[in-house]
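Encoded as structure tokens, the structure appears first; notes follow it.
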Amino acid sequence: MKKIIKGVAASLGVAAILSTIHSYNVEAKTFYENRETTRLSRNTYLHQSTRVTSAGIVDINVLEIPMDDPNLEIAVFNSQTEFGLKQPLTTLLNQQDALAGVNGDFFGLAGTHSVPLGFEAINGHLSIHQDLNQPNATSASLVMHSGGAFIQYIRPEVSLLLNGQPAFNVGMVNMVTTLAFPSFITYEYLQSTASLDARLGRSYKVVVQNGVITAITHFTVDVPQNGFVVVMSPQTFATYRHHLYVGQRAEMNITANIDLDAVHTAISGGYRILSFGEISNAVSRGTARHPRTLLGLNQAGDRLILMTIDGRGYSAGASLREAALFMQEFGAFHAINMDGGGSTTMAASLPGEAMQVINTVSDRWQRSIINAIGVINNSITGEVAYIQINIAENIAVGVATPFTINAFDSYMNPVFIGLDTLSINISDNAVLTPYGIVANQPGEVFVVAYAMFRRGVYDVATTNAVEITQISTNVNRASGNASLGNLRGYSNYGHMVPLTYCMLTFTVYPHHLGHMAGNNLVVTGEGNGWLEITLGQARRIVPIEQLNQQTTPIDPIGLLSFASYPATVEGRAFYTTPTIITLTYDFAASQATQGAFLNFADPR
17 MKKIIKGVAA
27 SLGVAAILST
37 IHSYNVEAKT
47 FYENRETTRL
57 SRNTYLHQST
67 RVTSAGIVDI
77 NVLEIPMDDP
87 NLEIAVFNSQ
97 TEFGLKQPLT
107 TLLNQQDALA
117 GVNGDFFGLA
127 GTHSVPLGFE
137 AINGHLSIHQ
147 DLNQPNATSA
157 SLVMHSGGAF
167 IQYIRPEVSL
177 LLNGQPAFNV
187 GMVNMVTTLA
197 FPSFITYEYL
207 QSTASLDARL
217 GRSYKVVVQN
227 GVITAITHFT
237 VDVPQNGFVV
247 VMSPQTFATY
257 RHHLYVGQRA
267 EMNITANIDL
277 DAVHTAISGG
287 YRILSFGEIS
297 NAVSRGTARH
307 PRTLLGLNQA
317 GDRLILMTID
327 GRGYSAGASL
337 REAALFMQEF
347 GAFHAINMDG
357 GGSTTMAASL
367 PGEAMQVINT
377 VSDRWQRSII
387 NAIGVINNSI
397 TGEVAYIQIN
407 IAENIAVGVA
417 TPFTINAFDS
427 YMNPVFIGLD
437 TLSINISDNA
447 VLTPYGIVAN
457 QPGEVFVVAY
467 AMFRRGVYDV
477 ATTNAVEITQ
487 ISTNVNRASG
497 NASLGNLRGY
507 SNYGHMVPLT
517 YCMLTFTVYP
527 HHLGHMAGNN
537 LVVTGEGNGW
547 LEITLGQARR
557 IVPIEQLNQQ
567 TTPIDPIGLL
577 SFASYPATVE
587 GRAFYTTPTI
597 ITLTYDFAAS
607 QATQGAFLNF
617 ADPR
């Protein structure tokens, strides 16, 4: 992962003060930025920006995706589990093997099911709210059309035609909420009304196949592939039933201010905040700083820009105007404000890794959402184009630290590569062993790997070798069998090094108390003692307390004894902690020569 640093660094004192300021009406100014860019696929990038601004720290994540690559598919995702089910972003993306994406449209928060509040198209199949942008334009849509991609306020009109004449308006297409309005359902969105019936109870269905009504019923029906179903509540059916009869000609009538037949992918959000490179007046509707999700197109219309701005925590969030400026900075010419707040989520599969959340969600866990937009990598694995060295940021001096080398094609698909095809070189302050890199002194260690079979394919990685002076575990005291959990080492300067049990030396005192089995302490005896963990000069003590319930030892560990001269001198020797011994005595009874002694027993 390559880093690019921009801006002028503010002093630490100023940065600390600024992080507590949350202005709501003043445009934030950036003083310092740290940006990292990761290649996710061919010409597809994840930009991660942390900046110090006059409003505080702001974390921004951006997906930059080409729209003209035949092997990369821009797609809208909804639940593949159940019609209208809200699910976390990573679930929506993983169900269709997506590469990356962000949350999409606004939706109702109540309940486990909902509908997008705008316009949606998946593979040319439409999902529509009848009242979208009627009368006011509030929900802009990204539309991928046979003529290209654009952002527009869509104004649909939906009705049922009977014998060629309008019969009544239909509130939704491929959406069902509470049956308050009649809804068209097509086969591409739902194959049977069974799940709707189980969730919503009694409803009436008008089944249309090949342009003719074939059934009118309140029972569960299959949705015909060459037709549709009108679903409505009993009350609505009572209003319109005199219009309907079996054998009647019927068709969906959907019109809009764009050619809907040419639309293959679309998703809606909120206001359009950038239009032809200019910030729109709609930004005045969002002056407070919140988490934001943004969607945009560049001027040529061939790059999709998806952005999340974290807020309500460490990151200060952004107003709509600031969000529009950030989108401009990353190349957007047109942009929409998508659902934000607790819904703001970005997820991606980094090279060689599983899908993961990239940003910091404000609720600390992913909110279940109604849909998402992202990219699917449909490419076939090709020849090696990149190699990547993976090594810890810090390593311990004198300890063999393993590292891995991964290979990828131009779309970042993993490619197998043999070690015999690589040339690996390291800097003079370390040596390469069969078990990994061993640094012989503190300092920066360079690792260079070349693909010998292909010119120009190489990677350079650095790690910091440090002297470990402290060891930490997840267990501070053991009263039985225990896993030591994550073992970490620290230098005097606070550098952290992940440690594995094979790097360390473990000793149990007294030995009869137990032994180590990998990363686990196995207690086999009774009594008190401790586990000693060492790495070079670093040492960690974990007390062990495995008491026999029938006896109470006079001395907590049993390895110390007190002696005195003369014998009348009173005192005690004991462990205050496993590493601190306390000796108490009283010489006040006499002015003669007196002594207090601490005796150690042989722990073996």
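Counting from 1 along the sequence shown, just add 16 to a position and that's the residue number in our numbering.
Heads up, the beta-carbon is just placed ideally off N, CA and C, and yes, glycines get one too.
Please read these numbers as outputs of a predicted model, since none were measured by experiment.
Item                                                                                                                    : Value
As assigned by DSSP and simplified to three states, the class of Ser300                                                 : helix
When Thr128, Phe166, Phe99 and Arg265 are compared against Ser211, the one with the closest alpha-carbon                : Phe99
Alpha carbon of Gly611 to alpha carbon of Arg493, nearest angstrom                                                      : 35 Å
Contact check, Ser378 vs Gly358, beta carbons under 7 Å                                                                 : yes
Short Cβ contact (7 Å threshold) for Leu320 with Ile90                                                                  : yes
Simplified DSSP assignment, three categories, for Phe613                                                                : strand
Distance between beta carbons of Phe292 and Phe349, contact taken as under 8 Å                                          : 7 Å
Proximity of Ser157 and Ser57 at Cβ, strictly below 7 Å                                                                 : no
Paired residues, beta bridge with His129 - DSSP                                                                         : Leu101
Which of helix, strand or coil DSSP assigns to Asp436                                                                   : helix
Three-way DSSP call (helix, strand, coil) for Arg51 in this model                                                       : strand
Cα-Cα separation, Asp475 to Pro172                                                                                      : 52 Å
Other residues of its chain near Ser199: CB distance less than 8 Å, five sequence neighbours each side excluded         : Val186, Gly187, Met188, Val189, Asn190, Met191, Val192, Val246, Val247 and Met248
Between the CA atoms of Thr361 and Ala116 - distance to the nearest angstrom                                            : 11 Å
Separation of Leu576 from Pro569, as counted between CA atoms                                                           : Note on Pro569: pLDDT 41, under 50, position unreliable in the model; the coordinate value appears next. Pro569 and Leu576: Cα-Cα distance of roughly 12 Å.
The region 520–533 in contact with the region 452–469 per 3-pair CB rule at 8 Å                                         : no
Host alpha helix (DSSP H) of Pro250 (start-end)                                                                         : Pro250 to Tyr256
Beta-carbon proximity list for Arg305, same chain, < 7 Å, skipping 5 on both sides                                      : His38, Tyr40, Ala71, Gly327, Ala332, Gly333, Ala334 and Ser335
Three-state secondary structure (DSSP) of Gly134                                                                        : coil
Proximal residues to Ile81 (C-beta, below 6 Å), its chain only, five neighbours per side dropped                        : Thr60, Leu320 and Val391
CA nearest to the CA of Arg257, picked from Phe244, Met268, Ala272 and Ile232                                           : Ile232
Reduced DSSP secondary structure (H/G/I, E/B, other) of Gly357                                                          : helix
Reduced DSSP category for Glu548 - H, G, I as helix; E, B as strand; rest coil                                          : strand
Three CB pairs or more closer than 8 Å across the region 441–453 and the region 424–433                                 : no
Other residues of its chain near Trp546: CB distance less than 7 Å, five sequence neighbours each side excluded         : Tyr525, Ile557, Val558, Pro559, Ile560 and Pro594
Extent of the continuous alpha helix (DSSP H) run through Met343                                                        : Leu336 to Glu345
Tyr203 vs Gln241 beta-carbon contact at 7 Å                                                                             : yes
Residues bridged to Pro559 (per DSSP)                                                                                   : Trp546
Where Ala116 sits in the DSSP three-state scheme                                                                        : strand
Residue range of the unbroken beta strand (DSSP E) whose run includes Ala231                                            : Val228 to Thr233
Tyr509 vs Gln486 beta-carbon contact at 7 Å                                                                             : no
Residue span of the alpha helix (DSSP H) that contains Ala214, given as start and end                                   : Ala210 to Leu216
For Asp147, the three-state DSSP class (helix, strand or coil)                                                          : coil
Given Ile138 as reference, the closest of Asp277, Leu341 and Ser65 once Cα atoms are compared                           : Asp277
Neighbourhood of Gln225 by C-beta distance below 8 Å, restricted to the same chain and skipping five residues each side : Pro240, Asn242 and Gly243
Burial state of Ala608, where buried means 16 or more other Cβ atoms lie within 10 Å                                    : exposed
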